[in-house]
Amino acid sequence: MDGLAIFAQGVRKRFGAVEALRGLDLTVREGEIVGLLGPNGSGKTTFIRALAGLVRPEAGKVSVFGRAPGQAVAAGLIGYMTQAAALYGELTVEENLRFFCALQGRRDTERAISEALGTVDLEDRRRAIVSTLSGGMRTRVSLAAALLHEPRLLLLDEPTVGVDPLLRRDFWDHFRALAGRGVTILVSSHVMDEAARCDRLGLIRAGVVIAEGTAAELTARAGASDLESAFVRLAEASA
Amino acid sequence: MSARRVAAVARRIVAQFRRDHRSIGLLVVAPIIVMSLVGALWGTSAQTVARAVVASDRSVAAARVAAMLDATAGVEAREASYAEGLAALRAGTADALLTVGPGGVTVLLEGSDPLRTGGVAASLQGALRELGPSAAVSPRIEYLYGGADFTLLDALAPVVIAFFAFFFIFLLSTVSFLRERSSGTLERLMASPLRRGELVLGYLVGFTFFALVQAAILVSFTVFVLGVSYRGSLVAIFVVEAALVIVSVALGLLVSAFARNELQAIQFIPLVVVPQAFLGGLLVPVDQLPDLLRPIAAVLPLTYATEALRAVMVKGYPLDDPLVLRDLGVIALFGVLTVGGAIASIRREVA
Ligand SMILES: Nc1ncnc2c1ncn2[C@@H]1O[C@H](COP(=O)(O)OP(=O)(O)OP(=O)(O)O)[C@@H](O)[C@H]1O
Ligand SMILES: [Mg+2]
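Line by line, the protein sequences are chains A and B.
If you read the first sequence in my numbering, its first letter stands for residue 255, the second for the next number, and so on.
If you read the second sequence in my numbering, its first letter stands for residue 58, the second for the next number, and so on.
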């Protein structure tokens, strides 16, 4: 399993009557940026949570760097940015980050915080109380918190929702730089131009990956002119 | 178990509440208000006139003692036979029957109404003290009805302190942990190396800190402002307090697993807090409870905290007194059970 960051095979998860994942397969190599594309409720978040050890699949196999998700989490290999910014609103940006830093066991706290804040361009809001920040700023703090401990796998659940275009471009530059250093990134998104920046895409629908490949491959396979119509066609074809 | 992670959780909780001035205020102000009300209540009952009968057939110099007692404020005394006095106590026309023997004074209190009994005992003790050194030997107090525990004027202070520590910390920890669940931060914590035990321990440390600050303020207030006498060591009081708070934090975490929102959490108060108030010694001394309710009191942590606090605060027992140790042991057992339950209630797989 050398070189594999994520290995998922036949993953199934149901919540009561809803079958969120129905035999999902996905493999991600180390250092790749892979986008998860799919409509609302298709199972993106559920799959990401399974990788973070927060959802236990009923069937199938999930491993992260060859380990069970729980072990990978305990070893500090995973950075998870949740879909909604999960932060302590009563605390300052700095206090939030310091707390998450301590949990991850990183020692050079001050440096880690400065770097993470630099990445999301929020140094000037270091001492602001999180609940007073704008929605986009909170998203940025949430990303900073996921980056703090320099994880080898970043799970980003719609990380750029509410982030302005300029900063979004900066984010992607940063993701690229991280990937260059060998960090693996799995990112869910609805935004097509963002999807086009990924090394590879997985189209997910009703809990299964229906197509996989680069943006160009998928567009060509669907015989479409752009990624968006390719996505629609492939989704319809699988229905 | 990583001390650093536990400390991080504890520090975070302190930081969160440090900014929540209203919660901090309530933590301290609400009990002070209640204490003052209680103080006023006891104060007035202390001023109610104690109707005493001096048993002429069993006392020396009954007439003189009765006259002297009658002359002091707050006591109305007359002289009658022991049997007549007893009948008056039963009929509710007298509160106390005194026997002044050569060995000292024995006071038989009517005792059915704790509030009144406390006031009567205090008035009589004050009056006897005024009679001079010979009577200053503390009287032997007996009861026609009821027991011995609740007659001290200040017996209620430790109970109120224990109750408020329990109540507020329970409420705060329930709501904090509920927010942790609903805001998604718990999910974030579970996707980090933090273990469930470390999280619970961090909560315990953080809230115990608040509880001890609260206790320090309350104890100072009751002692210095309300003038409640207290004998035990401060350390002993804090140890009992900390043991109780651990139970209440863990219970709060446990309850938060069964509540979907703050409103539902509030609805647990009647279930968790009210029985403790009624049966744990706050309103009625545990040994005064009807037989039917006593088994329930026996499974409430507050019952033991109340008893232990009363022992160390009012009676001045040391921490290693067998009674205090037994109570602490029982509270510790509750602690182990609730902490275990709290840890089990936090599942890594949130769904
Ligand atoms: N904890 C849960 N309890 C019950 N049902 C759930 C739970 N989590 C997810 N589901 C259901 O599983 C399905 C997949 O949800 P999921 O959140 O994975 O979708 P998603 O692809 O992330 O959607 P979106 O693009 O809206 O974020 C949905 O039908 C959802 O209702
Ligand atoms: Mg989602």
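For glycine and all other residues, C-beta sits at the position ideal for the given N, C-alpha and C.
From a predicted model like this one, the values you see are computed outputs, not experimental measurements.
TODO: Consider the C-beta atom of A/Gly264 and the heavy atoms of ligand 1; say whether any pair is separated by less than 7 Å.
DONE: Within the first sequence, the letter at position 10 stands for residue 264 of chain A. Answer for A/Gly264: no, Cβ out of range of ligand 1.
Fill in: Min CB distance B/Ala103 to chain A below 8 Å
Taking the first residue of the second sequence as 1, we reach residue 103 of chain B at position 46. Interpretation of B/Ala103 is limited by its pLDDT of 45, a score under 50 that renders its predicted location unreliable; the figure taken from the coordinates is listed afterwards. Judged by the 8 Å Cβ criterion, B/Ala103 is not in contact with chain A.
Local conformation of B/Tyr361 per DSSP, three classes
Taking the second sequence and counting its residues from 1, one reaches residue 361 of chain B at position 304. Helix at B/Tyr361.
query: Using the C-alpha atoms, what's the distance from B/Ala128 back to B/Ala103?
result: Working through the second sequence from its first residue, we reach residue 103 of chain B at position 46. Working through the second sequence from its first residue, we reach residue 128 of chain B at position 71. In this predicted model, B/Ala103 has a pLDDT of only 45, less than 50, meaning its place in the structure is not dependable enough to derive any value.
Exercise for review: Following the continuous beta strand (DSSP E) through A/Thr300, name the residue where it begins and the one where it ends.
Suggested key: Taking the first residue of the first sequence as 1, we reach residue 300 of chain A at position 46. From DSSP, A/Thr300 is part of no beta strand (DSSP E) but of the alpha helix (DSSP H) over 298 to 305.
Could you tell me which whole alpha helix (DSSP H) segments of length 4 or greater appear in the region 445 to 481 of chain A?
446 to 449, 469 to 476
Quiz prompt | Coil, strand or helix - B/Leu209 by DSSP | solution = Indexing the second sequence from 1 puts residue 209 of chain B at position 152. Residue placement at B/Leu209 is flagged as unreliable, the pLDDT there being 42, under the threshold of 50; a coordinate-derived value is accordingly withheld.
Quick check: what's the CA-CA separation for B/Gln324 versus B/Phe225?
As a first step, residue 324 of chain B is located in the second sequence; it is residue number 267 there, counting from the start. As a first step, residue 225 of chain B is located in the second sequence; it is residue number 168 there, counting from the start. Near 15 Å, if we compare the C-alpha coordinates of B/Phe225 and B/Gln324.
*Specify whether the region 309 to 321 of chain B and the region 218 to 234 of chain B touch according to this definition: at least 3 beta carbon pairs, one from each stretch, less than 8 Å apart.*
yes
For the alpha helix (DSSP H) that contains A/Ile367, what are its first and last residues? Walking along the first sequence from the start, residue 367 of chain A turns up at place 113. Taken as a continuous stretch (DSSP letters only), the alpha helix (DSSP H) holding A/Ile367 covers 363 to 373.
What do you reckon, is the C-beta of A/Thr473 under 7 Å from a heavy atom of ligand 2?
Locating residue 473 of chain A in the first sequence gives position 219, counting from the first residue. It does not: the Cβ of A/Thr473 is nowhere closer than 7 Å to a heavy atom of ligand 2.
_With distance defined between alpha-carbon atoms, name the residue in B/Val157, B/Leu143, B/Val91, B/Ser93 nearest to B/Ala120._
The residue given as residue 120 of chain B occupies position 63 in the second sequence. Out of B/Val157, B/Leu143, B/Val91, B/Ser93, B/Val157 has the C-alpha closest to the C-alpha of B/Ala120.
Exercise. Quick one: is A/Gly307 near chain B, going by C-beta distance under 8 Å?
Worked result: Numbered from its first residue, the first sequence carries residue 307 of chain A at position 53. Yes, A/Gly307 counts as interfacial toward chain B.
Handout entry: Beta-carbon separation (whole angstroms), A/Leu258 vs A/Ile332, contact threshold 8 Å
Key = Walking along the first sequence from the start, residue 258 of chain A turns up at place 4. Walking along the first sequence from the start, residue 332 of chain A turns up at place 78. Contact doesn't hold; Cβ gap of about 15 Å is too wide.
message = On the DSSP bridge list, what partners appear for A/Ala382?
response = The sequence position of residue 382 of chain A within the first sequence is 128, counting from 1. Paired residues: none, contrary to the question.
query: Is the beta carbon of A/Phe201 within less than 7 Å of some heavy atom of ligand 1?
result: Chain A is shown from 255 up to 493; residue 201 of chain A falls before or after that span and cannot be answered.
If the cut is a Cβ gap below 9 Å, which residues of chain A does B/Met247 touch?
Counting from one through the second sequence, the residue named residue 247 of chain B turns up at place 190. Those are Ala306, Gly307, Leu308, Val327, listed as they occur along chain A.
Any heavy atom of ligand 1 closer than 7 Å to the Cβ of B/Ala248?
Taking the second sequence and counting its residues from 1, the one referred to as residue 248 of chain B is at position 191. The answer is no for B/Ala248.
Check the Cβ of A/Glu349 against every Cβ in chain B and list those closer than 8 Å, keeping chain order.
On the first sequence, residue 349 of chain A is found 95 positions in, with the first residue counted as 1. Within chain B, the residues near A/Glu349 are Arg69, Ala72.
Would DSSP call A/Glu273 helix, strand or coil?
Here residue 273 of chain A corresponds to residue number 19 of the first sequence, with the count starting at 1. It is a strand residue.
**Prompt:** In chain order, what residues place their C-beta within less than 6 Å of a heavy atom belonging to ligand 2?
**Reply:** A/Lys298, A/Thr299, A/Gln337, A/Asp411
| said: Closest to B/Pro196 by C-alpha separation, out of B/Gly160, B/Val91, B/Glu167, would be which residue? | reply: The residue given as residue 196 of chain B occupies position 139 in the second sequence. Out of B/Gly160, B/Val91, B/Glu167, B/Gly160 has the C-alpha closest to the C-alpha of B/Pro196.
Beta-carbon proximity check, B/Pro375 vs B/Ala293, cutoff 8 Å:
Within the second sequence, residue 375 of chain B is the residue found at index 318, counting from 1. Within the second sequence, residue 293 of chain B is the residue found at index 236, counting from 1. Yes, these two residues count as a Cβ contact at 8 Å.
**Study point:** Runs of alpha helix (DSSP H) lying entirely within the region 301 to 349 of chain A, each at least 4 residues, in chain order
**Key:** 323 to 328
- For ligand 1, is there a heavy atom less than 7 Å away from the beta-carbon of A/Val462? Against the first sequence, residue 462 of chain A aligns to sequence position 208. It does not: the Cβ of A/Val462 is nowhere closer than 7 Å to a heavy atom of ligand 1.
Item to check | Exposed unless 16 or more other CB atoms sit within 10 angstroms - verdict on B/Asp152 | outcome: Residue numbering aside, residue 152 of chain B sits at position 95 when the second sequence is read from its first letter. The residue in question, B/Asp152, is buried, as its Cβ has 16 or more Cβ neighbours within 10 Å.
Practice item. With 8 Å as the threshold, decide whether the Cβ of B/Leu209 is near any Cβ in chain A. Key: In the second sequence, the residue the question calls residue 209 of chain B occupies position 152. Residue placement at B/Leu209 cannot be trusted, given a pLDDT of 42 that sits under 50; what the coordinates show is reported in the next sentence. Not closer than 8 Å to any Cβ of chain A, the Cβ of B/Leu209 fails to qualify, so no.
Quiz item: Is any heavy atom of ligand 1 found at a distance shorter than 7 Å from the C-beta of A/Leu272?
Solution: On the first sequence, position 18 is the one that residue 272 of chain A refers to. One point to set straight first is that residue 272 of chain A is Val, not Leu, in the sequence displayed. The answer is yes for A/Val272.
For B/Ile353, report the span of its beta strand (DSSP E) as first-last. Locating residue 353 of chain B in the second sequence gives position 296, where the first residue counts as 1. Per DSSP, B/Ile353 belongs to no beta strand (DSSP E); it is in the alpha helix (DSSP H), 351 to 355.
- Keeping to the same chain, check which residues put their C-beta closer than 7 Å to that of A/Glu273; ignore five residues upstream and five downstream. The residue you call residue 273 of chain A lines up with position 19 of the first sequence. Contacts found: Gly461.
**OP:** Flag B/Gly254 as yes if its beta-carbon sits less than 8 Å from any beta-carbon of chain A, otherwise no.
**Re:** Position 197 of the second sequence, counting from 1, holds the residue named residue 254 of chain B. It does not: the Cβ of B/Gly254 has no partner Cβ on chain A nearer than 8 Å.
**Any non-hydrogen atom of ligand 1 closer than 7 Å to A/Gly277 Cβ** = To locate residue 277 of chain A, count along the first sequence from 1; it is residue 23. No heavy atom of ligand 1 is found nearer than 7 Å to the CB of A/Gly277.
Using only the alpha-carbon positions, how far apart do B/Ile353 and B/Val276 sit? For the purposes of this step, residue 353 of chain B is identified with residue 296 of the second sequence, where counting begins at 1. For the purposes of this step, residue 276 of chain B is identified with residue 219 of the second sequence, where counting begins at 1. Distance between the alpha carbons of B/Ile353 and B/Val276 is about 28 Å.
Exercise. Between B/Gly263 and B/Leu256, what straight-line distance do the alpha-carbon atoms span, to the nearest angstrom?
Worked result: By one-based count along the second sequence, residue 263 of chain B stands at place 206. By one-based count along the second sequence, residue 256 of chain B stands at place 199. Going by the C-alpha atoms only, they are around 11 Å apart.
Give the straight-line distance between the Cα atoms of B/Gln182 and B/Leu166, rounded to the nearest whole angstrom. By 1-based counting over the second sequence, the position of residue 182 of chain B is 125. By 1-based counting over the second sequence, the position of residue 166 of chain B is 109. About 12 Å.
Please go through the same chain and pick out, in chain order, the residues whose beta-carbon is closer than 6 Å to the beta-carbon of B/Ile198, but skip the five residues on each side of it. Position 141 of the second sequence holds residue 198 of chain B. Counting only Cβ-Cβ distances below 6 Å, and skipping sequence neighbours, we find Val164.
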